[in-house]
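A.B. asks: Residue numbers (our numbering), protein chains in the order written: chain A, 1 to 546; chain B, 547 to 887.
Handing you a structure now.
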Amino acid sequence: MDRDRPLTGVAGLAILAVPALFLGYFFLYPLASILITGLTSDGVPDLGPLGEIASRPRLLGIAWFTLWQAVASTLLTLVVALPATAALSRYEFWGKRFVRAAVTVPFVLPTVVVATAFLALLGPGGPLGLDLRRSIWAILAAHVFYNVAVVVRTVGTAWERLDPRLEEAARTLGATRWNAFRAVTWPLLRPAVVSATSIVFLFTFTSFGVVLILGGLEYATLEVEIWRQATALIDLPLAAALSLLQLVGVTGILVGYARYQQRRAHELPLLSARATARRPATWRERGFVAATVGGLVAILGAPLVVLAERSLRVGDGHGLTHYRALAELDEAGAAFVPPTTAIGNSLWFAVVATALALAVGLLAAAVIAYRGGRASRWFDALLMLPLGTSAVTLGFGFLVALDAPIDLRTSALLIPLAHAVVAIPFVVRTTVPIMRSVRHRLREAAAVLGAPPRAVWRLVDLPLISRAALVGAGFAFAVSLGEFGATSFIVRPDRPTIPIAIFRFLGQPGAQNLGRALAMSTLLMLITAGAILAIDRLRVGHLGEF
Amino acid sequence: MLACREVTVSFGETIAVDRATLEVNIGRVGGLIGPSGCGKSTLLRVIAGLQRPDHGSITWNGADITAAPPHARPFGLMFQDYALFPHLDVAANVAFALRFSDTSRAEANRRVGELLDLVGLPGYESRTIDGLSGGEQQRVALARTLAPSPDVLMLDEPLGALDRSLRDDLVPEMRRIFSALGTTALYVTHDHDEAFAVADGVFVMRDGAIVGHGSPAQLWERPPDLETARFLGYGPVVAATVSNGRLDVGFAVAPWSGPAGSYSAAMRPGAVVIDPDGAIDAVVADATYTKDGYELRLEIGETTVAVRCPDRLPAGTRVRAAVDPDHIALYPAQPSTSSDV
């Protein structure tokens, strides 16, 4: 038996079947249902809804806005993140480890929390004395805040492994600092930058919670409009047609990115894992590090600090009034249950979703890592799709599809199932590289040292994989806690999650409701940040892709 | 003339380069040798402008260039692992420096062809870096460094990553290229044989400081201090006395002209030779085959010395040996380490 491909044969097929069936039923089937809803009426092909989009200037305007705000957000994110990435990759300084870990926190914060934080920062009563609610600036700022981590992580990993002597060689060959960057560093970093840019573009193109909360009625992305058409106006065919438009956009980005990746596959940059960072030597370098990293910390820290401060603000003083109010049933009817019940719901859903995502994700990862071949590459791509597909589309698909053959729409499992679909790519991406890395050398070393195959698996594979699985579980848990887009479609009024409860409070007038939204957002922020900082401690080196 | 004066570099508490002073005349090849980690590479980086010295100056033909940025210095530096640009092909690597001068494309292509001929890789223009062997990468790196015709060529362990036989081939090759171009060069290596083969004058560095310099012959025949003697391959070192024009190394006596006193005597290969008429009584400890003949380890009392011999004498053979004082260097006696206990 081929030791490196242990999952061929019948056992391999059986293991492949579980994740394939799960994703087929809970991901592909809902998407297909949307396709059918959008393109047929009473079983006959009907392109009416698509034509309706083209004939309504408002909808065309929304499509145009979705595109340009994504471009603007992506460019702004790069402008803010790249200089700080340079400082974090090339220089050694006090507090660097903390900054690197802290940068990841915004990325996993629930959209609702980020939107609420920017509402606190840029809304009335904020420390800047501005009211940028319902302005494009608040949306762009929140998108930058959200996605800086993608650039710092993706480009930073490549940058710090780039041999600094390449740039030095260019300098001794007559290149100025700028020319050396342009001719050597930039071309070598380009694959990482393109990769980060595509991810950021994808995220901002499908932005939902941020735009819904900060954009008001003036600004809507396709994502927001799908939700509005489906839930407020109950125009399902039009919502499905908009989802199709959205899917086309997302697929376009993913295909373009895959093409690019393929083209550069033969061009392997010479990476060395040596420590490449050094202390800044001149005042100019110290100034650069202080300005870029300081600026980054300010941009990322300000909204969160303001959110926490305002959640404690009562009248002119500070206190825990808003937090105490979370346990009370609201008379005005903003929520049908006390907010503490929403917290309980969220934690329960997160536990179930994490268990589901782990079970399915680990089986899928094993197939990808151990089976190899063309089928497993396709499977790999299929597993990444939920990451690119918008959450709203998924929620909408659940709503349309999951009444038959099994009616799950009233099941308590519906929300954890949706969350698990969203979380599976995270589990797969964190475990596959680890599984692949233990495959060859370590296993051979253990075998040469006299360990039989079963013992090798137990002593070498299992400990490393369980750590990676824990990291994946942490991500899954955080993703489930913060999931808003899909949940907003399938949530039942009497079983809200934390993000749903926050959204409802924000929709109600009055300082007391805002206070509760702020308090709940702060709590959710603390739970998620805690989960992420814990993950950072469990990480095995730089392996894993998040 | 390239000159470093009193150059000092420290990283935190560690002093990497300690008041290093060296000079290389135009058209000459200077060697800089020393054990790994002695500060050679850091000194090169200072000369190239990649590292600011804490103190000291670098001058080129009398002009102080200590503060000049690397790209403004007329120096070329070939890096230890070559640092070839993986995203560019061989031609683009070699032509890299020409992008920053006003060289036309045709002129650059001509120059690349010329340099690849010089380093023995004609026709390699469109090869990728990944596809080159170690020796080929070394040659491309040399061609790239030579492309802008630097006034001074600095090479940091240029053959360090190559295996022995390739190194033996490339040493005369480097020598040929240097003399063909008449270039001024500073050649850094931890391998003294390599430095002696390539350089006109050699500087010895230890713990960040330049501890001696001279022509290869001068250094080899009279190393500046005992540590350098050991580094160059002297051994064993025995306690010796000089009196009445005679050198006494404990197991033998030889004529010696020099002041009387107690010394440490460092013996290089050839200090002890097998001689049927010799006064030394020695026992063969073991024999190792080398390319032409055998290297025997002889036990003479407490001391073990290596001698060359065309025949393989079995261990335990008793032989007579003599001392050749021309292969011994004397240094002030070192306090015996065993008496410290």
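All C-beta atoms, glycine included, are put in the ideal place defined by N, C-alpha and C.
Check for me: the beta strand (DSSP E) holding PRO83 (chain A) runs from which residue to which?
C.D. replies: Counting along the chain, PRO83 (chain A) falls outside any beta strand (DSSP E), though it belongs to the alpha helix (DSSP H) covering 57-90.
A.B. asks: With distances taken Cα to Cα, identify the nearest neighbour of ILE53 (chain A) among A:ASP235, A:ARG371 and A:LEU402.
C.D. replies: A:ASP235
A.B. asks: Go ahead and label ILE406 (chain A) buried or exposed: buried means 16 or more other beta carbons lie within 10 angstroms of its beta carbon, across all protein chains shown.
C.D. replies: Of the other Cβ atoms in all chains shown, fewer than 16 fall within 10 Å of the Cβ of ILE406 (chain A); this residue is therefore exposed.
A.B. asks: For PRO801 (chain B), count the other beta carbons within 10 Å of its own beta carbon; 16 or more makes it buried, fewer makes it exposed. Which is it?
C.D. replies: exposed
A.B. asks: Which residues share a DSSP beta bridge with TRP606 (chain B)?
C.D. replies: B:LEU548 and B:ALA609
A.B. asks: Could you give the residue range of the alpha helix (DSSP H) that holds LEU212 (chain A)?
C.D. replies: 209-214
A.B. asks: Starting from the Cα of TYR733 (chain B), find the closest Cα among B:GLY580, B:HIS873, B:GLU660 and B:GLY558 and give me that residue.
C.D. replies: Nearest to TYR733 (chain B) by C-alpha distance, out of B:GLY580, B:HIS873, B:GLU660 and B:GLY558, is B:GLY580.
A.B. asks: Would you list, in chain order, the members of the stretch 169-183 of chain A that have their beta-carbon closer than 9 Å to a beta-carbon of chain B?
C.D. replies: Answer in chain order: ALA169, ALA170, ARG171, THR172, LEU173, GLY174, ALA175, THR176, ARG177, ASN179, ALA180 and ALA183.
A.B. asks: Could you tell me how far apart the beta carbons of VAL853 (chain B) and ALA867 (chain B) are, in whole angstroms, since I believe they sit closer than 8 Å?
C.D. replies: 7 Å
A.B. asks: Does DSSP classify TYR840 (chain B) as helix, strand or coil?
C.D. replies: Under the three-state reduction of DSSP, TYR840 (chain B) is assigned to strand.
A.B. asks: Taking just the CA atoms, how far does GLY669 (chain B) sit from GLY596 (chain B)?
C.D. replies: Inspection of the sequence shows that residue 596 (chain B) is occupied by Leu rather than by Gly. Across the structure, LEU596 (chain B) and GLY669 (chain B) are spaced so that their CA atoms are roughly 33 Å apart.
A.B. asks: I need the DSSP call for THR560 (chain B), collapsed to helix, strand or coil.
C.D. replies: In this structure, THR560 (chain B) counts as strand in the three-state DSSP scheme.
A.B. asks: Going by alpha carbons, who is nearest to ALA192 (chain A) out of A:ALA230, A:PHE205, A:PHE201 and A:ARG153?
C.D. replies: Distances from the alpha-carbon of ALA192 (chain A) to those of A:ALA230, A:PHE205, A:PHE201 and A:ARG153 put A:ARG153 closest.
A.B. asks: Should SER376 (chain A) be labelled buried (16 or more other beta-carbon atoms within 10 Å of its own) or exposed?
C.D. replies: The C-beta of SER376 (chain A) has 16 or more other C-beta atoms within 10 Å across all chains shown, which makes the residue buried.
A.B. asks: Let's test the definition: count the other Cβ atoms within 10 Å of the Cβ of HIS601 (chain B) and tell me whether it reaches 16, buried, or not, exposed.
C.D. replies: exposed
A.B. asks: Quick one: using the 10 Å Cβ neighbour count with 16 as the cut-off for buried, is ASP4 (chain A) buried or exposed?
C.D. replies: Low per-residue confidence applies at ASP4 (chain A): pLDDT is 48, beneath 50, and the placement is therefore not dependable, though the value from the model is reported in the following sentence. ASP4 (chain A) is classed as exposed because its beta carbon has fewer than 16 other beta carbons within 10 Å across all chains shown.
A.B. asks: Any beta carbon from chain B within less than 9 Å of LEU78 (chain A)'s own beta carbon?
C.D. replies: no
A.B. asks: Contact criterion: CB-CB distance below 9 Å. Does ASP697 (chain B) meet it with respect to chain A?
C.D. replies: no
A.B. asks: Comparing alpha-carbon positions, which option in A:THR104, A:LYS96, A:ALA17 and A:PRO237 lies nearest PHE475 (chain A)?
C.D. replies: A:THR104
A.B. asks: Against chain B, does THR282 (chain A) count as a neighbour if the rule is that its beta carbon must be under 9 Å from one of theirs?
C.D. replies: yes
A.B. asks: Counting only the same chain and skipping the five closest in sequence on each side, list residues whose C-beta sits under 6 Å from that of ILE535 (chain A).
C.D. replies: VAL471 and GLY474
A.B. asks: To the nearest angstrom, how far is it from the Cα of LEU307 (chain A) to the Cα of ILE15 (chain A)?
C.D. replies: 46 Å
A.B. asks: Output the residue ranges of the beta strand (DSSP E) runs that lie fully inside the stretch 467-525 of chain A and measure 3 residues or longer, sorted by chain position.
C.D. replies: DSSP runs (the beta strand (DSSP E)) wholly in the stretch 467-525 of chain A: none.
A.B. asks: When burial is assigned at 16 or more other CB atoms within 10 Å of the CB, is GLN501 (chain B) buried or exposed?
C.D. replies: Outside the shown range of chain B (547 to 887) lies residue 501 (chain B), about which nothing can therefore be said.
A.B. asks: Does PHE208 (chain A) pass the burial test, meaning 16 or more other C-beta atoms within 10 Å, or should it be called exposed?
C.D. replies: buried
A.B. asks: Against chain A, which members of the stretch 598-632 of chain B pass a CB distance test of less than 9 Å?
C.D. replies: Those residues of the stretch 598-632 of chain B that come within reach of chain A (Cβ to Cβ, closer than 9 Å) are ARG598, PRO615, PRO616, HIS617, ALA618, ARG619, PHE621, GLY622, LEU623, MET624, PHE625, GLN626, ASP627, TYR628, ALA629, LEU630, PHE631 and PRO632.
A.B. asks: So which residues of chain B does ARG165 (chain A) contact, with C-beta pairs closer than 7 Å?
C.D. replies: PHE625 and ALA629
A.B. asks: Could you tell me whether any Cβ in chain B is nearer than 9 Å to the Cβ of ARG3 (chain A)?
C.D. replies: Bear in mind that the predicted position of ARG3 (chain A) carries a pLDDT of just 46, short of 50, making it too unreliable to give a figure here.
A.B. asks: Beta-carbon separation of THR735 (chain B) and GLY577 (chain B) under 9 Å?
C.D. replies: yes
A.B. asks: With 16 as the cutoff for other CB atoms within 10 Å, does ALA365 (chain A) come out buried or exposed?
C.D. replies: It is buried - the Cβ of ALA365 (chain A) has at least 16 other Cβ atoms within 10 Å.
A.B. asks: Helix, strand or coil: which one does DSSP assign to ASP380 (chain A)?
C.D. replies: helix
A.B. asks: Decide if PRO164 (chain A) is buried, meaning its Cβ has at least 16 other Cβ atoms within 10 Å, or exposed.
C.D. replies: buried
A.B. asks: Enumerate in chain order the residues of its own chain whose CB-to-CB distance from SER466 (chain A) is below 6 Å, with the five nearest sequence positions on each side excluded.
C.D. replies: none
A.B. asks: Return the first residue and the last residue of the alpha helix (DSSP H) that GLY126 (chain A) is part of.
C.D. replies: Note, GLY126 (chain A): premise wrong, no alpha helix (DSSP H); not H, not E.
A.B. asks: What residue does the beta strand (DSSP E) around GLY747 (chain B) start on, and which one ends it?
C.D. replies: 747-752
A.B. asks: List the whole-angstrom C-beta distance separating VAL757 (chain B) from VAL750 (chain B), where the pair is believed to meet the contact cut-off of C-beta under 8 Å.
C.D. replies: 5 Å
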